[in-house]
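Undergrad: My numbering puts the first residue of the sequence shown at 927, with every later residue one more than the last.
No residue lacks a Cβ here, since even glycine has one placed at the ideal position from N, Cα and C.
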Amino acid sequence: MSPNKLLPLLVLLAVAPAWASEPAPARQKELVHLVRQDCGSCHGMTLQGGLGPSLLPADLRDKPAEGLAATIYYGRPGTPMPPWKQFMSEAEAQWIVDKLMSEFPQ
927 MSPNKLLPLL VLLAVAPAWA SEPAPARQKE LVHLVRQDCG SCHGMTLQGG
977 LGPSLLPADL RDKPAEGLAA TIYYGRPGTP MPPWKQFMSE AEAQWIVDKL
1027 MSEFPQ
């Protein structure tokens, strides 16, 4: 196969994992609702902080995304932060972090 024909295939394979981890639109709405309602009860309804810290992009900027996703999924023992693994997959926790770090949907 010529390099010109191989390049589109390589690009497709490189972005395929991102597509695979993107929740379906209906599930995205459920996750947004979960964050706004359940996470908002501790992190503030506008996610600016409360019992828990702010979840705004500026406040998450220097935090590792993988660590934030693990915190959502597994919780933080010894703190009020519960694990959410019974409600979502690890990929969905990472999707939430990706959205929180950019601008969380309304």
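Am I right that Pro949 and Glu1016 are in contact with their C-beta atoms under 8 Å? What's the rounded C-beta distance?
TA: With 8 Å as the limit, Pro949 and Glu1016 do not qualify as a contact, their Cβ atoms being about 12 Å apart.
Undergrad: Compute the Euclidean distance between the alpha carbons of Met971 and Arg962, then round it to the nearest angstrom.
TA: 6 Å
Undergrad: Considering only residues of the same chain and omitting the five flanking positions on each side of Pro1006, which have a CB-CB separation below 8 Å?
TA: Cys968, Leu977 and Gly978
Undergrad: What three-state label does DSSP hand Gln963 in the structure shown?
TA: helix
Undergrad: Let me see if you follow: with CB-CB separation under 9 Å, is Lys955 close to chain C or not?
TA: Of the protein chains in the structure, only one exists, and it is not chain C.
Undergrad: Can you say whether Ala995 is buried or exposed, counting buried as having 16 or more other CB atoms within 10 angstroms of its CB?
TA: buried
Undergrad: Who are the Cβ neighbours of Leu981 in its own chain at under 6 Å, not counting the five residues just before and after it?
TA: His969, Leu973 and Leu1026
Undergrad: According to the neighbour-count rule (16 or more other Cβ atoms, all chains shown, within 10 Å of its Cβ), is Gln1032 buried or exposed?
TA: exposed
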